[in-house]
Amino acid sequence: MNLDGKRILLTGASGGIGEALALALAERGAHLLLHGRQPLALERLRLQLPAPERHHTLCADLRSAEGRLALIHHPALESGVDILINNAGTNHFAWLEDQSEEQIASQLELNTLAPLLLTRALLPRLTRPGLIMNVGSSFGGIGYPGYSVYCASKFAIRGFSEALGRELAGSGIKVLHFAPRATRTHLNAPEVYAMNAELGTHTDTPEEVADQLVQSLERERTRTWVGWPEKLFVRLNALLPGLVDRALARQHAVIARFAHHKEA
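Quick note: the sequence shown, position 202, residue 202 per UniProt numbering, numbers continuous.
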């Protein structure tokens, strides 16, 4: 899809991948509806974009029903959108037993419930042809120790994308799933970067991820997994999960150490 002049609602725009993506989309002539929770950060971002008068900011907390309703009924959405990018997300790196109920709920509400409900509400306002891009993760294809809740949320968004895409076949709306690997953003704790360095896990910049995501939008790729060997591990985990079990078992002690989990 040619992005020039397209109205795009981008959630989670005020930092990390979202901010880099906003810059990349605006450079291609898109008209952006920038969602986030920090109004000052959103406004700073808007003013940095090419032709800032083309873009709008929409502040809401998608983890609450009130916040979701505020976004859905925002006047800027009344005239519809061409592309919805469900990018807002959060994670907490810790063993399940070390996570609070609030930490678990926050990940599931923002990563899974919010994009489902937002997509349902905006389907009537999506133009035809239109696109829905759900930003997942390589951990939506590989269950990884220390990320059990995050993996649950991203496995769910992958299944949602696949099922909804099949529901909407022939409607003029395509559903795309984009899964980056480890990315250097403020969402990750310092321990995560230290662990990745010790394990030799490559970490992409937000700009690298944004560039690949825009390419996926333009080419309307239904499924995109970013990075090597992550693509291979996703396929192995689907076909021969025992091999991945054994590979991660060898990393278990390192992962537990950086997650500050004391083995029983």
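Positions of the beta carbon are idealized from the N, C-alpha and C atoms, including for glycine.
By Cβ distance below 8 angstroms, which residues in the same chain neighbour residue i in space, the five residues on each side in sequence not counted?
i      : result
Lys174 : Pro129, Gly130, Leu131, Ile132, Gly165, Leu168, Glu220 and Thr222
Pro241 : none
Ile17  : Asn87, Val135, Pro180, Thr183, Thr185, Pro206, Val209, Ala210 and Leu213
Using 8 angstroms for Cβ pairs, my map puts residue i next to residue j. What's the rounded Cβ distance?
i      : j      : result
Ile85  : Leu9   : 7 angstroms
Ser14  : Leu45  : 6 angstroms
Thr224 : Ser216 : 5 angstroms
Ala76  : Leu58  : 6 angstroms
Ala88  : Thr11  : 4 angstroms
Arg68  : Leu118 : 6 angstroms
Can you tell me whether DSSP reads residue i as helix, strand or coil?
i      : result
Arg68  : helix
Asn2   : coil
Pro180 : coil
Phe89  : Phe is not the amino acid found at residue 89; the sequence shown has Gly there. Coil at Gly89, not helix or strand.
Gly130 : strand
Leu108 : helix
Leu164 : helix
Asp82  : strand
Ile142 : coil
Leu123 : helix
Ala264 : Confidence is the limiting factor: at Ala264 the pLDDT is only 48, short of 50, which leaves the residue's position unreliable, though a coordinate-based value still follows. Ala264: coil per DSSP, three-state reduction.
Arg7   : strand
Leu62  : coil
Leaving out five residues before and five after residue i in sequence, what residues of the same chain have Cβ atoms less than 6 angstroms from its Cβ?
i      : result
Arg37  : Asp61
Gln212 : Val226
Gly172 : Arg128 and Pro129
Val214 : Ala24
Lys154 : Gly136, Ser137, Phe139 and Gly140
Asn111 : Gly89 and Ser153
Excluding five sequence neighbours on each side, which residues of the same chain lie with their C-beta closer than 7 angstroms to the C-beta of residue i?
i     : result
Glu43 : Thr57
- At 4 residues or longer, and completely inside the stretch 184-256: list those alpha helix (DSSP H) runs for me, N to C. 190-199, 206-219 and 230-239
Run through the stretch 9-41 for me and flag every whole alpha helix (DSSP H) of 4 or more residues, listed as ranges in chain order. 16-27
query: Any contact of the stretch 233-240 with the stretch 133-148, i.e. 3+ C-beta pairs under 8 angstroms?
result: yes
Between the stretch 90-97 and the stretch 119-127, do at least 3 Cβ pairs fall closer than 8 angstroms?
-> no
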